[in-house]
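If you count by the working numbering, then the sequence shown holds residues 3 to 80, one letter each, in order.
Ideal Cβ placement from N, Cα and C applies to all residues, glycine included.
Keep in mind it's a predicted model, so treat the numbers as computed, not measured.
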Amino acid sequence: MDDSIFETEKGQKATFIVQVQFRQNATWQGTIQWADQKKTRRFRSTLEMIKLMSDALEEESGDSVELASWEKEPENEK
Numbered sequence: 003m004d005d006s007i008f009e010t011e012k013g014q015k016a017t018f019i020v021q022v023q024f025r026q027n028a029t030w031q032g033t034i035q036w037a038d039q040k041k042t043r044r045f046r047s048t049l050e051m052i053k054l055m056s057d058a059l060e061e062e063s064g065d066s067v068e069l070a071s072w073e074k075e076p077e078n079e080k
C-alpha cells in the first residue's frame, strides 16, 4: 500500500493509524496513533481504542458528547 494516500485522504476531523498486534479474548490489543497530534497510545481492547478516538475528537472540537450513564436517567425514558 502506498503511504501517500494518508497525506491526500486525511479525515476532516482526525486521522488515526491503528496497529492491531494481538487478538485475544474476542477483542484487539495494539497501538493507535493520532496522526494530527503525533500522539501514540497502547490499547487493551476495542472499546478502549474507540474511547481514545472519542476523546481525541472531543478534544479537537471542544464539544462534549453526552453518553448513557447509570448515574442519570435520560429525559425520554422517565
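For residue 27, which option in 46, 38 and 56 has the closest C-alpha, if you only look at C-alpha atoms? Along the sequence shown, one-based indexing puts residue 27 at 25. Comparing Cα-Cα distances from residue 27 to each of 46, 38 and 56, the minimum goes to 46.
Check whether residue 16 and residue 36 have beta carbons under 8 Å apart: Stepping through the sequence shown from its first residue, residue 16 is reached at position 14. Stepping through the sequence shown from its first residue, residue 36 is reached at position 34. The answer is yes: Cβ separation under 8 Å.
With a threshold of 16 other CB atoms inside 10 Å of the CB of residue 34, please say whether the residue is buried or exposed. Within the sequence shown, numbered from 1, the residue matching residue 34 stands at position 32. By the C-beta density criterion, residue 34 is buried, having at least 16 other C-beta atoms within 10 angstroms.
Is it the case that the Cβ atoms of residue 39 and residue 32 are separated by a distance below 8 Å? Looking up residue 39 in the sequence shown gives position 37. Looking up residue 32 in the sequence shown gives position 30. With contacts defined as CB atoms closer than 8 Å, residue 39 and residue 32 fail to qualify as a contacting pair.
Own chain residues within Cβ distance below 7 Å of residue 59, not counting five before or after: Reading the sequence shown from its first residue, position 57 is the one you call residue 59. Excluding positions up to five away in sequence, the list reads 15 and 16.
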